[in-house]
Amino acid sequence: MRSIIIYIVRGITLVLAVAVLSFLLAHYSPVDPIRQYIQANPGVSQENVAKMAEYWGLNDPPMERFGKWFSSVLRGDWGYSTTYKQPVLEVIGIRFKTSLALMLTAWTLSGVLGFAVGCLMGVFRDRWLDKILKRICLVMCSIPTFWIGLVFLAFFSAILGWFPFGMAVPPGVPPESVTLGQRIHHLILPALTLSFLSFANLALHTREKLIDVFDSDYALFARARGYNDTQILFKHGIKNALLPAITMQFAAFSEIFGGSIFAENIFSYPGLGAAVSAAGTGGTDIPLFLGIVIFSACFIFVGNLIANILYQIIDPRTREGIKA
Amino acid sequence: MRGLNRRTSAAITAIVILAIIIAIYLGGSLLPDSALKADFSQKALKPSVDHIFGTDYLGRDMFVRTIKGLSLSLTVGAIASCISALIALVIGTTAALGKGLIDHAINWFIDVFMSVPHTVLLILIAMVLDRGATGVLIGIALTHWCQLARIVRAEVLQVRSQQFVLASRKFGKSPFWIAKEHIFPHVIPQFFVGLILMFPHAIMHESGLTFLGFGLPPEQPAIGIILSEAMSYISSGAWWLAFFPGLSLVILVLLIDKLGSTVRYLLEPREAQM
Chain A
32 MRSIIIYIVR GITLVLAVAV LSFLLAHYSP VDPIRQYIQA NPGVSQENVA KMAEYWGLND
92 PPMERFGKWF SSVLRGDWGY STTYKQPVLE VIGIRFKTSL ALMLTAWTLS GVLGFAVGCL
152 MGVFRDRWLD KILKRICLVM CSIPTFWIGL VFLAFFSAIL GWFPFGMAVP PGVPPESVTL
212 GQRIHHLILP ALTLSFLSFA NLALHTREKL IDVFDSDYAL FARARGYNDT QILFKHGIKN
272 ALLPAITMQF AAFSEIFGGS IFAENIFSYP GLGAAVSAAG TGGTDIPLFL GIVIFSACFI
332 FVGNLIANIL YQIIDPRTRE GIKA
Chain B
8 MRGLNRRTSA AITAIVILAI IIAIYLGGSL LPDSALKADF SQKALKPSVD HIFGTDYLGR
68 DMFVRTIKGL SLSLTVGAIA SCISALIALV IGTTAALGKG LIDHAINWFI DVFMSVPHTV
128 LLILIAMVLD RGATGVLIGI ALTHWCQLAR IVRAEVLQVR SQQFVLASRK FGKSPFWIAK
188 EHIFPHVIPQ FFVGLILMFP HAIMHESGLT FLGFGLPPEQ PAIGIILSEA MSYISSGAWW
248 LAFFPGLSLV ILVLLIDKLG STVRYLLEPR EAQM
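Chains A and B, in that order, are what the protein sequence lines are.
Counting in the numbering used here, the first sequence runs from 32 upward without gaps.
Counting in the numbering used here, the second sequence runs from 8 upward without gaps.
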């Protein structure tokens, strides 16, 4: 329990540091908040601009501005997004819900498949099946998300016509009459794209762990008792490989979030990742962008925290008071 | 490569890969810009013998564009990863040599950098620097040093506690002498391998950032630009516009990865495997 509390405190300092850092970066950026707000409206006089700067506290020193901004963030006022004409927190909430379906599907997919393929490689280690799969995984590690997304789109949507061209729902259909089947149909390609990278990483990692297990003395002893490799896998292998796999999968939250920016842009999926680039391109929406930065830091922290807690629940050796 | 020992064949592999990379770089910078002129009689052709990667909607040869893009990626990647590796070297060494508080502070700082997705951080830095080539360069340089800094730190700490370093210290050698004679020779190979392995990441992030529209300006022949252009033609079935340039990028990345592991094998034959 104590270690988790320390971990949470540490996480809070990290998020705070991220907030300071990103705020300062935004402060020194060439983006002029007043220009963003009035959107090149010629009817605003120089005098009013100066008044606005005074009212918004743009002339205050950066740390004072940060204090004001951060205290309102803590109170739940994350500012107003100029891109979506909505409060930032609302934008993040709605978009994150859409993203969550995508990220969760991709995450589960890559976790289950990656672990299964990793087990397969471990059992068939150094035989042809393992060699082929390992090659494929190593290549997959070097394939950027934005390219594989385009390739999927070109082959499965444009040439074969199996899947729609992106979006989360069919165009022109009112939201209440979209069926679950349609939603899933739209989700498959982006989810496959997003799961691509972490799948290969997890499979290779699981393979290494399993090979360690198969090389161990207890595996040798099991073999002496007449177990074959598959039985050793189920008796010892999965137990030992699952834990690092789970940790890795939770730690991959960062990758999934980063990848979702590409996947959602390619498939025009209306999630948080698409909002990141929209906040950057469409006139540089600083409040939304800062909100997303903080949100993503919290998101990743929660991922790592869950991994930490799960670790302690699953593996009694890591609990306190028991020295391994 | 029968008859050669593994070290020789590894050296040959490294030289061949290096030659390919240099050829791509030179090819891209020596090809005249006139090779990219629009030619509407050759519009949107599928891959053929004349245009092995096909042509785009302005009739430009995709192979020429790809080579130019890869060459640009190599330049950006090289500069960014060199800067980043230097940052890693300085920070990693400082963390290992400065005791207690400095070490903790640097570790915490690395955690801060790792607690935001790289892509988000990159976009933020690129935005602050008003996009363009400098934004990408500095963004990549500022986000990629973390892992290598940790490796350098661990390596320096490990060497520092070795018997021969303790012996030199007892003999009254200056810290500078110890650093020069003992620590650097041990850290440099690791550093070099780390630098090469950082390279593909840098290239990939550069194209990704450019793809999203925060990187190199659209008039540059970058791979990211090619891919984001191709995105608008995909629904019309022009798959080759995205397929071959991206594939070339993946192959380049794999080659550099292979170069990294080969160099590691050459520098530390006992620890590394081919």
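Beta carbons: idealized from backbone N, C-alpha and C, even for Gly.
* Asked: Should B:Met-8 go down as buried or exposed, given a rule of 16 or more other Cβ atoms within 10 Å for buried?
  -> Bear in mind that the predicted position of B:Met-8 carries a pLDDT of just 49, short of 50, making it unreliable; the figure below should be weighed with that in mind. With fewer than 16 Cβ atoms within 10 Å of its Cβ, B:Met-8 is classed as exposed.
* Under a Cβ-count criterion, where at least 16 other Cβ atoms within 10 Å of its own Cβ denotes burial, should A:Tyr-300 be classed as buried or exposed? -> When all chains shown are included, A:Tyr-300 counts as buried.
* To do: Kindly indicate the opening and closing residues of the alpha helix (DSSP H) around A:Lys-240.
  => Taken as a continuous stretch (DSSP letters only), the alpha helix (DSSP H) holding A:Lys-240 covers 211 to 245.
* If you measure from the beta carbon of A:Ala-50 to each beta carbon in chain B, is any gap under 8 Å? -> Cβ-Cβ to chain B under 8 Å: no for A:Ala-50.
* With DSSP collapsed to three states, give me the class of B:Gln-4. => Chain B is shown from 8 up to 281; residue 4 of chain B falls before or after that span and cannot be answered.
* To do: Give, in chain order, every unbroken run of the beta strand (DSSP E) that is at least 3 residues long and sits entirely within the stretch 195 to 223 of chain B.
  => Runs found: none.
* From the DSSP output, in three-state form, read off A:Ser-299 for me. => Coil, per DSSP.
* N-terminal and C-terminal residue of the alpha helix (DSSP H) that A:Asp-260 is part of -> 260 to 263 is the extent of the alpha helix (DSSP H) around A:Asp-260.
* In three-state terms, what does DSSP make of A:Tyr-111? -> Secondary structure at A:Tyr-111: strand, using DSSP grouped into helix, strand and coil.
* Segment contact, 8 Å Cβ cut-off, at least three pairs: the stretch 334 to 349 of chain A with the stretch 109 to 129 of chain A -> Taking a cut-off of 8 Å on C-beta distances, the stretch 334 to 349 of chain A does not touch the stretch 109 to 129 of chain A, as fewer than three cross pairs fall below it.
* Cβ-based neighbour list, A:Gln-280, same chain, cut-off 6 Å, excluding 5 preceding and 5 following -> Cβ neighbours of A:Gln-280 beyond the five flanking positions: Gly-142.
* Asked: Nearest CA to the CA of A:Ser-188: which residue from B:Met-238, B:Val-200, B:Val-194?
  -> Proximity to A:Ser-188 across B:Met-238, B:Val-200, B:Val-194 peaks at B:Met-238, based on C-alpha coordinates.
* Please report how far the alpha carbon of A:Lys-116 lies from the alpha carbon of A:Ala-272, in whole angstroms. => Cα to Cα, A:Lys-116 sits roughly 48 Å from A:Ala-272.
* With distances taken between CB atoms, is the gap from B:Ile-203 to B:Val-260 smaller than 8 Å? -> Going by C-beta atoms, B:Ile-203 is not nearer than 8 Å to B:Val-260.
* Member of B:Val-270, B:Thr-15, B:Cys-153, B:Phe-191 whose CA lies at the smallest distance from the CA of B:Ala-92 -> In terms of CA proximity to B:Ala-92, B:Cys-153 leads the group B:Val-270, B:Thr-15, B:Cys-153, B:Phe-191.
* Asked: By how many angstroms is the C-alpha of B:Ile-190 removed from the C-alpha of B:Thr-269?
  -> C-alpha separation (whole angstroms): 23 Å.
* Is the stretch 154 to 161 of chain B close to the stretch 100 to 110 of chain B, with three or more CB pairs under 8 Å? -> Verdict: yes, contact present.
* Asked: Given that A:Tyr-59 touches chain B, what residues does it touch there, using C-beta distances under 9 Å?
  -> Against chain B, a Cβ distance below 9 Å from A:Tyr-59 picks out Val-135.
* To do: Report the partner residues of B:Asp-68 according to the DSSP bridge assignment.
  => Looking at the DSSP assignment, B:Asp-68 forms a beta bridge with B:Thr-62.
* Asked: Which value, in whole angstroms, describes the spacing of the CA atoms of A:Leu-184 and B:Glu-188?
  -> When rounded, the distance between both Cα atoms is 55 Å.
* B:Thr-73 versus B:Gly-267, B:Tyr-272, B:Trp-247, residue with shortest Cα-Cα distance -> Nearest neighbour of B:Thr-73 by Cα position, chosen from B:Gly-267, B:Tyr-272, B:Trp-247, turns out to be B:Trp-247.
* To do: Kindly indicate which three-state DSSP category A:Gln-117 falls into: helix, strand or coil?
  => Secondary structure of A:Gln-117 (DSSP, three-state): strand.
* Output yes if chain B places a C-beta closer than 8 Å to the C-beta of A:Ser-53; else output no. => With 8 Å as the cut-off, A:Ser-53 counts as an interface residue toward chain B.
* When we look at the beta-carbon of A:Gly-98 and count the other beta-carbons within 10 Å, is it buried (16 or more) or exposed? -> With fewer than 16 Cβ atoms within 10 Å of its Cβ, A:Gly-98 is classed as exposed.
* **Per-residue burial, A:Met-94 [other beta carbons within 10 Å of its own, 16 or more giving buried]** => It counts as exposed.
* Go through its chain and collect everything with a Cβ distance to A:Phe-326's Cβ below 6 Å, but skip five positions before and after it. => Taken in chain order, the residues that qualify are Ile-123.
* Residue-chain proximity (A:Ala-185, chain B), Cβ-Cβ < 8 Å -> It does; some Cβ of chain B falls within 8 Å.
* Counting contacts by CB-CB distance shorter than 8 Å, is B:Met-281 in contact with chain A? -> Summary for B:Met-281: the model assigns pLDDT 48, below 50, so the residue's position carries little reliability, and this model does not support an answer.
* **Status (buried if at least 16 other CB within 10 Å, exposed otherwise) for B:Gln-169** => Classification for B:Gln-169: exposed.
* Applying the criterion that 16 or more other CB atoms from any shown protein chain within 10 Å of the CB defines a buried residue, is B:Arg-138 buried or exposed? -> Taking a 10 Å sphere around the C-beta of B:Arg-138, we find 16 or more other C-beta atoms and assign the residue as buried.
* Collapsed DSSP secondary structure at B:Arg-271 in the structure displayed -> Helix, per DSSP.
* To do: Have a look at B:Ile-27 and A:Ile-277 and give me their C-alpha separation to the nearest angstrom.
  => Near 40 Å, if we compare the C-alpha coordinates of A:Ile-277 and B:Ile-27.
* Could you please tell me which residues of the stretch 116 to 130 of chain B, in chain order, have their CB closer than 7 Å to any CB of chain A? => Per Cβ criterion, the list reads Asp-118, Val-119, Ser-122, Val-123, Pro-124, His-125, Thr-126, Val-127, Ile-130.
* **Unbroken alpha helix (DSSP H) run spanning B:Val-123, endpoints** => Counting along the chain, B:Val-123 sits inside no alpha helix (DSSP H), nor does DSSP assign it H or E at all.
* Asked: Roughly how many whole angstroms lie between the Cα atoms of A:Leu-274 and A:Ile-344?
  -> Near 11 Å, if we compare the C-alpha coordinates of A:Ile-344 and A:Leu-274.
* Three-state secondary structure (DSSP) of A:Lys-165 -> Residue state, collapsed to three classes: helix.
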